[in-house]
Each structure stands twice: as C-alpha cells, then as structure tokens.
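One structure below.
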Amino acid sequence: MSHGNFRKCPCPTCQERKRAEARDYMRAYRATGPRTTDARPIAWHIGVLLAQGMTLAGIAAQAGYSHDTLASISSGRVRRVRTTTAEDLLSIPVRSAAA
Ligand SMILES: [Zn+2]
Numbered sequence: 020m021s022h023g024n025f026r027k028c029p030c031p032t033c034q035e036r037k038r039a040e041a042r043d044y045m046r047a048y049r050a051t052g053p054r055t056t057d058a059r060p061i062a063w064h065i066g067v068l069l070a071q072g073m074t075l076a077g078i079a080a081q082a083g084y085s086h087d088t089l090a091s092i093s094s095g096r097v098r099r100v101r102t103t104t105a106e107d108l109l110s111i112p113v114r115s116a117a118a
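Going by the numbering used here, the first residue of the sequence shown is number 20, and it counts up by one from there.
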C-alpha cells in the first residue's frame, strides 16, 4: 500500500507517524530550552485538517488563535512559533474519516 508523503496521508498509521515526529520536535526543543519551535509540523498538521474539510477559520476558532496566525503558519510565512502555540494547534485531533 502506497501512502505517498506520510505528512499528507490521512490514514491512522501515517497520522501517528506524523504525531510522533511532532512529539520528537517538541521534546527536542523543550530539552534545549527555546520558547519557540519549528512551525513546519504545525503547518503539516493544519494541512491535514484542511484536507479533511476544516477551514482555517474553524481551526482558528477551535484553537483560540486568529485566522491570520493560522494563515501565516500554514503558508510557511512564519518559520517559528511559540511552543505553547504549537502544542495548542497540534492538539486539535485529526478525524479518522472525513465526514
Ligand atoms: Zn498512510
């Protein structure tokens, strides 16, 4: 079975792999102390949520951040985000099946 880019694949196996990678990022940055983290895992996560039919506005509302913040991250304009922002956004669950 071909999953292509696991970051874009919505299947549970790839989602777990993506989550594990995000956790590793978070762990590494926490261990070295910076208060910001690479925005790419969050951009990937937002991409999956969008692919599943969520909107940036919907994600923003659920996470408690502005639409602009979400747009900046998902477009790659922002390279670093606060660790707390990353945790909030990565905690939005990916649905196992699109509605
Ligand atoms: Zn997959």
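Beta carbons: idealized from backbone N, C-alpha and C, even for Gly.
Treat the numbers as computed from the prediction; the structure is a model and nothing was measured.
- Secondary structure within the segment 25 to 79: the alpha helix (DSSP H) runs of 4 or more consecutive residues, fully enclosed, are 31 to 51, 59 to 70 (chain order).
- Selection around ligand 1 by beta-carbon proximity, strictly under 5 Å to any non-hydrogen atom, yields His22, Cys28, Cys30, Cys33 in chain order.
- DSSP assignment within the segment 77 to 104 yields the following whole alpha helix (DSSP H) runs of 4 residues or more, N-terminal first: 86 to 94.
- As the crow flies, the alpha-carbon of Ser94 is around 10 Å from that of Arg59.
- The residues Lys37, Ala41, Leu108, Leu109, Ile111, Val113, in chain order, have a CB closer than 8 Å to that of His64 in the same chain once the five nearest residues on each side in sequence are set aside.
- Residue environment analysis places Thr103 among the exposed positions, since fewer than 16 neighbouring C-beta atoms fall within 10 angstroms of its C-beta.
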